[in-house]
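Note that the sequence shown covers residues 1 to 253 in UniProt numbering. A virtual CB, placed ideally from N, CA and C, is assigned to each residue, including glycine. As structure tokens, the structure follows; a few thoughts come after it.
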Amino acid sequence: MQLHYRDLGQGTPFVILHGLFGLSDNWQTLAKFWSQKYHVYLVDLRNHGRSPHSNEFSYDLMVEDLAEFIIEHQLQNPVIMGHSMGGKVAMNFALSYPAQVSKLIVVDIAPRPYPVHHQDIIDGLNAIDISKMTSRNEAEAALRPYIPEAETRLFLLKNLYRREDNSFGWRMNLAAIEACIEEVGRETTSDTPFIKPTLFIKGEKSRYIQEKDLPAIQQLFPQAQVETVANAGHWVHAEAPEKFYQLVVDFIK
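So this is what it looks like as structure tokens:
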């Protein structure tokens, strides 16, 4: 599958993967700063952003999509970073194609399995009848009973766009994501560890990476270091961008 992407800058290739319900746009602000040092590739994963839609949605497929992307663009020894679901893709890719990765950065996700916990979001998105909607305000109003946090609503509604006929559409393939939602929490496993430099970044207020996860992280990624960003939650890169930026730059150097 040919993935949609944006690229900025020159130098060491640095591939960034968004999380569930996200898209490459989420990373543009930080990417502008990193592009002063690296060649940044912001990739839309399948069924997200402007990448193609498919009824098939799994980590195995997203890993193969990324492998095709790296070959197509002739990326040599890229740094790969992923947030949440994108972090799972990055982990699985590094374990499957270690020769294609120079360094790995995983943002606020661990290798362990996660139970399905996105039902409120899916119900809220399904409550938006985009065929009858005339404004974004209407969409946000329909979403509000399911998602009380304004920042989360705005994050989700970045997927909304106007078609040429002025009607609204979704960038993401909501039906495929809903049908395969259990896949998103799948455990990351491998018989062979990834032995290159790895950085896990967690938000202090987030529960996605816990003390109990450290043995599995060290088993799969023996060179891993774990950094905690104070006063940040799951969207650590958005909540503490300056600290996050510096952690990434220091690690790549």
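Go to residue i, then tell me how far its beta strand (DSSP E) extends in each direction, as first and last residue.
| i | result |
| --- | --- |
| Met81 | Val79 to His83 |
| Thr198 | Thr198 to Gly203 |
| Ile16 | Pro13 to Leu17 |
Could you give the DSSP three-state label for residue i: helix, strand or coil?
| i | result |
| --- | --- |
| Thr228 | strand |
| Phe221 | coil |
| Met1 | coil |
| Leu143 | helix |
| Asp213 | helix |
| Glu86 | Per the sequence shown, the amino acid found at residue 86 is Gly instead of Glu. If DSSP states are grouped into helix, strand and coil, Gly86 belongs with the helices. |
| Leu20 | coil |
| His234 | coil |
| Glu183 | helix |
| Ser190 | coil |
| Ser206 | coil |
Considering only the beta carbon of each residue, do residue i and residue j sit closer than 7 Å?
| i | j | result |
| --- | --- | --- |
| Leu95 | Ser190 | yes |
| Gly87 | Val40 | no |
| Leu156 | Ala139 | no |
| Ala142 | Ile121 | no |
| Leu30 | Tyr208 | no |
| Phe200 | Ala224 | yes |
| His48 | Met172 | yes |
| Ala79 | Ile252 | According to the sequence displayed, residue 79 carries Val and not Ala. A contact, by the Cβ cut-off of 7 Å. |
| His83 | Gly19 | yes |
| His234 | Asp108 | yes |
| Leu220 | Pro241 | no |
| Arg6 | Ser35 | no |
| Lys103 | Pro197 | yes |
| Asp213 | Arg112 | yes |
| Val106 | Met91 | yes |
| Val63 | Phe33 | no |
| Leu75 | Pro148 | no |
| Tyr97 | Ala67 | yes |
| Ser51 | Glu183 | no |
| Val236 | Val229 | yes |
From which residue to which residue does the alpha helix (DSSP H) around residue i run?
| i | result |
| --- | --- |
| residue 282 | The first residue shown for the chain is 1 and the last is 253, placing residue 282 beyond what the model contains. |
| residue 261 | Nothing in the structure corresponds to residue 261, since the chain is present only between 1 and 253. |
| Ile177 | Leu174 to Ala179 |
From the DSSP output, read off the bridge partner residues of residue i.
| i | result |
| --- | --- |
| Phe168 | Arg162 |
| Leu8 | Val40 |
Practice task
Ignoring anything shorter than 4 residues or poking outside the region 22 to 80, list the alpha helix (DSSP H) runs there in chain order.
Solution key: Scanning the region 22 to 80 from its first residue to its last, the whole alpha helix (DSSP H) runs of 4-plus residues come out as 28 to 34 and 59 to 72.
Exercise for the section: Give, in chain order, every unbroken run of the alpha helix (DSSP H) that is at least 4 residues long and sits entirely within the region 102 to 136. Expected result: The alpha helix (DSSP H) runs of length 4 or more contained entirely in the region 102 to 136 are, from start to end of the chain, 119 to 126.
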